[in-house]
Amino acid sequence: MFDYKSKINRISFELSNLCHYAPVHKKCPLHSIEKPIILPRQIVYHVLDTASSWGYRGKIAFHTYNEPGIDPRLFMLIAYAKEKCPDSYVLIMSSGFYLDENLLDEYKDVGANEMILSAYSSKDYERFTSFKTNIKLTIQKPELDDRLDIYSRRELLLNKVCSAPYSELMITREGYVGLCCLDWKRENVFGSLHNQALEEVLGSEKMQVAYENLIEGRRGFNICRRCDWSR
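With numbering that gives the first Met the number 0 applied, the sequence shown corresponds to residues 0 to 230, in that order.
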């Protein structure tokens, strides 16, 4: 029997397509949002309940192309994640738009293990580095890459091994199980958690074949032929 459980070391929930900086970050896939899309809480709970049944101990994140701090459910979801998977490592990546020291400590109180802050300006960097908090705090100065055009780049003809889609289990805002974070158009998905159980999707032939090809360096998907990342 295919053992997908041991291959998953991170579960990422894309809670929405909302971000404070989307209007000004022209390289971000969220720059032109037509309408808000929110991942239903029931899907998050279903995934966490399923992971709990495995005794999941890996990472849990609440971001992909979204700002988790904008979601009023975030504290509740963190607490639920730690209740169901107490040995997991919950990390939050945020622009820090509304953050202060008190809020950081409250994230830790509900179960978050680490806060990763993206400082898009020197003013933000100075503010973030001044924080005195009990939570593990990582501050980075991100640069937006050119992933908007990844689908039309020239093919790289690489045989580079990749362990997607299992290494990081991508739960998209639409409720799909996705290929990886770079596939922002969701061209490659393996099932919808609106009408399928997580384990049904994970155990599907479609997802297993995708993994087996990528782990052997056979980059058959359009996006994979143009990508030099390795999960």
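Ideal placement from N, C-alpha and C gives every residue a C-beta, glycine not left out.
Using the C-alpha atoms, what's the distance from residue j back to residue i?
| i | j | result |
| --- | --- | --- |
| K184 | F220 | 13 Å |
| D108 | I91 | 14 Å |
| E105 | G54 | 26 Å |
| G57 | S87 | 5 Å |
| L103 | T132 | 7 Å |
| M114 | N8 | 18 Å |
| K26 | M0 | 42 Å |
| E154 | A163 | 19 Å |
| D144 | M206 | 28 Å |
| V77 | C179 | A small correction: the amino acid at residue 77 is Ile; Val does not occupy that position in the sequence shown. Approximately 22 Å between the Cα atoms of the pair. |
| L181 | D99 | 30 Å |
| D48 | Y150 | 34 Å |
| F74 | I32 | 25 Å |
Bridge partners of residue i, per DSSP?
| i | result |
| --- | --- |
| P137 | One point to set straight first is that residue 137 is Thr, not Pro, in the sequence displayed. Answer by DSSP bridge pairing, in chain order: I115. |
| I91 | M114 |
| I10 | I59, L168 |
| S15 | I37 |
Please work out which residues of its chain come closer than 8 Å, Cβ to Cβ, to residue i, disregarding the five sequence neighbours upstream and downstream, and give them in chain order.
| i | result |
| --- | --- |
| N65 | E13, L14, S15, N16, L17, C18, L29, R172 |
| T128 | I138 |
| N112 | Y88, V89, L90, I134, K135 |
Measure how close the beta-carbons of residue i and residue j come, nearest whole angstrom, since I'm counting them as under 8 Å.
| i | j | result |
| --- | --- | --- |
| L197 | V43 | Incorrect: roughly 11 Å between the Cβ atoms, too far for contact. |
| Y175 | Y3 | No, Y175 and Y3 are not in contact; Cβ-Cβ is about 17 Å, not under 8 Å. |
| P141 | S117 | 5 Å |
| S94 | Y124 | Contact flag wrong, Cβ pair sits at about 12 Å. |
| K135 | G110 | Rounded, the Cβ-Cβ distance is 13 Å, inconsistent with contact. |
| A60 | K83 | With 8 Å as the limit, A60 and K83 do not qualify as a contact, their Cβ atoms being about 15 Å apart. |
| R224 | R218 | 5 Å |
| S52 | L168 | Actually they do not touch by this definition, with Cβ atoms about 14 Å apart. |
Once the 5 residues before and after residue i are set aside, which same chain residues still bring their CB inside 6 Å of it?
| i | result |
| --- | --- |
| C161 | L213, S229, R230 |
| H193 | G174 |
Which same chain residues, not among the five before or five after residue i, have their C-beta less than 7 Å away from its C-beta?
| i | result |
| --- | --- |
| P35 | S15, N16, L17 |
| R72 | R40 |
| H24 | H30, L143 |
Of all the alpha helix (DSSP H) runs that stay within the bounds of the region 144-219, which reach a length of 4 or more residues? Fully enclosed alpha helix (DSSP H) runs of 4 or longer: 197-201, 204-214.
To test your reading of the DSSP string, which unbroken alpha helix (DSSP H) runs of 4 or more residues are found completely within the region 27-79? 40-53
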